[in-house]
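Position 58 of the sequence shown, counting from 1, maps to 57 under numbering that gives the first Met the number 0, and the rest follow consecutively. Note that CB positions come from ideal geometry on N, CA and C, so glycine has one too. Report on the following structure.
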Amino acid sequence: MKRKYAIVAGAVLVLVAGGAGIAQAVGGDGPEKSVTGPQAERAIAAALAVTGGGKANSVERDSEDGATWEVEVTKPDGLTVDVRLDASYELVTVESDSEQEDGPESEQEGPDGE
């Protein structure tokens with residue numbers, strides 16, 4: 000009887016561990032992780048300067064388009080954009096948040112024309 004419970008408990012453990020691994024693999028978009036601290040505050044300040052104000056919703060480390068930082072900003076007009084900055088907190092690109100459905104995606108390039 001004890002052996003039967005041990006087998007059932009082992010099977011449940013394997014299923015739970017496998018499900019957690021699958022959820023982690025499917026749930027993430029990549030290496031981006033929300034960050035906080037002085038570097039994040041500097042990225043927020045740079046992004047808000049680019050957008051002319053607004054509210055920073057999130058800050059993540061990024062690797063798209065040569066960027067190091069991605070700051071999601073809701074601008075004063077209500078439009079949400081992703082501001083990508085390089086390691087020196089200089090603008091790489093500004094894109095309309097792809098999760099929004101009103102209007103075409105717009106993009107603003109950085110000073111180097113990238």
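| field | A42, buried or exposed, once every other Cβ within 10 Å from all chains shown has been counted against 16 | value | Position 43 of the sequence shown, counting from 1, holds the residue named residue 42. Burial call: buried.
| task | Keeping to the same chain, check which residues put their C-beta closer than 6 Å to that of A55; ignore five residues upstream and five downstream. | result | Translated into positions along the sequence shown, residue 55 becomes position 56. Around A55: I43, V70, V72.
| From V58 to K1, what does the alpha carbon distance come to, in whole angstroms? | Counting from one through the sequence shown, the residue named residue 58 turns up at place 59. Counting from one through the sequence shown, the residue named residue 1 turns up at place 2. So the alpha carbons of these two residues sit roughly 51 Å apart.
| task | Assuming D96 contacts D81 (C-beta within less than 8 Å), just tell me the rounded distance between them. | result | Against the sequence shown, residue 96 aligns to sequence position 97. Against the sequence shown, residue 81 aligns to sequence position 82. That pair is a contact at about 6 Å.
| Terminal residues of the alpha helix (DSSP H) in which E40 lies | Residue 40 sits at position 41 when you count from the first residue of the sequence shown. Per DSSP, E40 belongs to the alpha helix (DSSP H) from 37-50.
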